[in-house]
Structures are given as structure tokens and as C-alpha cells.
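Q: In the working numbering, the protein residues as written are 6 to 216.
1) What's the C-alpha gap between residue 70 and residue 133?
2) Report the rounded CA-to-CA distance for residue 86 versus residue 190, giving the unit in angstroms.
3) Given that a residue counts as buried once 16 or more other Cβ atoms are within 10 Å of its Cβ, and exposed if not, what is residue 88?
4) To the nearest angstrom, how far is it from the Cα of residue 160 to the Cα of residue 35?
5) Could you give the distance in angstroms between the alpha-carbon of residue 98 and the alpha-carbon of residue 40?
6) Using only the alpha-carbon positions, how far apart do residue 12 and residue 75 sit?
7) Taking a contact to mean a Cβ-Cβ separation below 8 Å, would you say residue 66 touches residue 21 in this structure?
8) Which residues in the same chain as residue 116 place their Cβ atom closer than 7 Å to its Cβ, once the five residues preceding and following it in sequence are excluded?
9) Which residue marks the beginning of the beta strand (DSSP E) containing residue 74, and which one marks its end?
10) Among the residues of its own chain, which have a CB less than 8 Å from the CB of residue 113, if the five just before and after it don't count?
11) Let's test the definition: count the other Cβ atoms within 10 Å of the Cβ of residue 156 and tell me whether it reaches 16, buried, or not, exposed.
12) Please state if the CB of residue 90 and the CB of residue 27 are separated by a distance shorter than 8 Å.
13) For residue 22, write down the residues that DSSP places opposite it in a beta bridge.
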């Protein structure tokens, strides 16, 4: 048995052991795989991650997030919980809700903290590693954040309008500021759709909503 993960053919391959994994994992395995819910209070990442014990080699992959990034945790790493694919159980040291807008859950991130071993992230597009030097500030859109080292990010929006307060979505121009020195992993950002684009008379809307 080894604690290392091998990424090959779009899968993260792990040996027998107990793993922290997202729902539906592993996709394939030898022997048996037993999933159990994690117990305890204030587990911020409980909705995203379960414990899986495998008795043989296992292959992890998520069809909706085909791009895998192996992040070694030589320094503490905060990873967006919903983008974690698999990691050793012992690597996790905690989880937190990162509120980027004071007194509001809009744009907030649930992050799992890893202080040793490694974590494999699964994203919808390729992820890149960005080194932020001391004194520099990196701005990243919330949906593009994958993981980071160093202090938690702070939120910034150029102008907060009335709709940003009333609607359930996060402010349209919200970005997260990462202050160096730190390392940030980011994937591509998806466009935020306007709530006013839908019309029952629009052919594209009919195809999406089935009306």
C-alpha cells in the first residue's frame, strides 16, 4: 500500500486505504469500497466529502469535472471543498466557510484545509498555478478559485447595487483578492447569467427550460 496518487488517463488511481472523496467515488475499484458519512459537529465540508475505505486499487474521476490537478501539501493548502476529488483522510486538518462579503453568504466558499500529504482537485477546465509575490495582490473570480496557500482571500466589488442586495446571486463584479506571498490555483471562469435573460417566447429559453 502507498499513500501516493497516480494521475493517468483522466483518473486519479489510489491503493487500498481510507480516503476523503467527493460523492460517487471511486468510479471503479478492485475488491470492495465502503462509503460512510463523516460524524462530528461543524463539519463545513460534510455536504461535499465522505470517507471511502477501499480494499484494493481504485480509480477516481468525475465526468462533469474531467481535469485533474495534483497539489502537494508541503505548506498548508485551503481547497474549495466542492472541487476536491480525493485525498488521504489524515491530510485534512479542518474546514471553514470563507465569507467574502461581511454578514452575507453570497459568494462564500467552503474550503477544506490540508496540512500534509496531497489532494487531487477535479475542475471543469484546466487549472493553473499562480505564484503571488510579497506585496502583490491577485484578483480571482469566486467560481474560478480552486485552492490557495497563505491567508484567506478578501472580497472586493467595485459597486454594490440594489439588485446585488435583493437577488440571491452574488454581486456581478465580485472578485477575491489574494495577498502575497501565496500560491493560488485557478480554473476558467464561467459567465454569470442575467436573471432577466429568460423569456418563455425565446427559443433558447424553451430549449433550456423545456417550455
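Note that CB positions come from ideal geometry on N, CA and C, so glycine has one too.
A: The short version:
1) Locating residue 70 in the chain shown gives position 65, counting from the first residue. Locating residue 133 in the chain shown gives position 128, counting from the first residue. Answer to the nearest angstrom: the Cα atoms are 15 Å apart.
2) Here residue 86 refers to the residue found at position 81 when the chain shown is read from its first residue. Here residue 190 refers to the residue found at position 185 when the chain shown is read from its first residue. Looking at the two C-alpha atoms, the distance is approximately 14 Å.
3) Mapped onto the chain shown, residue 88 falls at position 83. Buried, by the Cβ-count rule.
4) One-based indexing of the chain shown puts residue 160 at position 155. One-based indexing of the chain shown puts residue 35 at position 30. Their backbone Cα atoms lie some 44 Å apart in a straight line.
5) Residue numbering aside, residue 98 sits at position 93 when the chain shown is read from its first letter. Residue numbering aside, residue 40 sits at position 35 when the chain shown is read from its first letter. The alpha-carbon atoms of residue 98 and residue 40 are separated by roughly 20 Å.
6) Indexing the chain shown from 1 puts residue 12 at position 7. Indexing the chain shown from 1 puts residue 75 at position 70. Rounded to the nearest angstrom, the two C-alpha atoms are 8 Å apart.
7) Position 61 of the chain shown, counting from 1, holds the residue named residue 66. Position 16 of the chain shown, counting from 1, holds the residue named residue 21. No.
8) As a first step, residue 116 must be located in the chain shown, where it is residue number 111. If we look at residue 116 and ignore the five residues flanking it on each side, its Cβ neighbours are 83, 84, 85, 86, 100, 101, 103.
9) In the chain shown, residue 74 corresponds to position 69, counting from 1. 72 to 77 is the span of the beta strand (DSSP E), which, as asked, contains residue 74.
10) Locating residue 113 in the chain shown gives position 108, where the first residue counts as 1. Hits under 8 Å: 102, 103, 104, 105, 106.
11) If you number the chain shown from 1, residue 156 lands on position 151. The residue is exposed, with fewer than 16 neighbouring Cβ atoms inside 10 Å.
12) The count along the chain shown starts at 1 and reaches residue 27 at position 22. The count along the chain shown starts at 1 and reaches residue 90 at position 85. Against a cut-off of 8 Å, the Cβ pair of residue 90 and residue 27 comes out as a contact.
13) In the chain shown, residue 22 corresponds to position 17, counting from 1. According to DSSP, which records beta bridges pairwise, residue 22 is partnered with 59.
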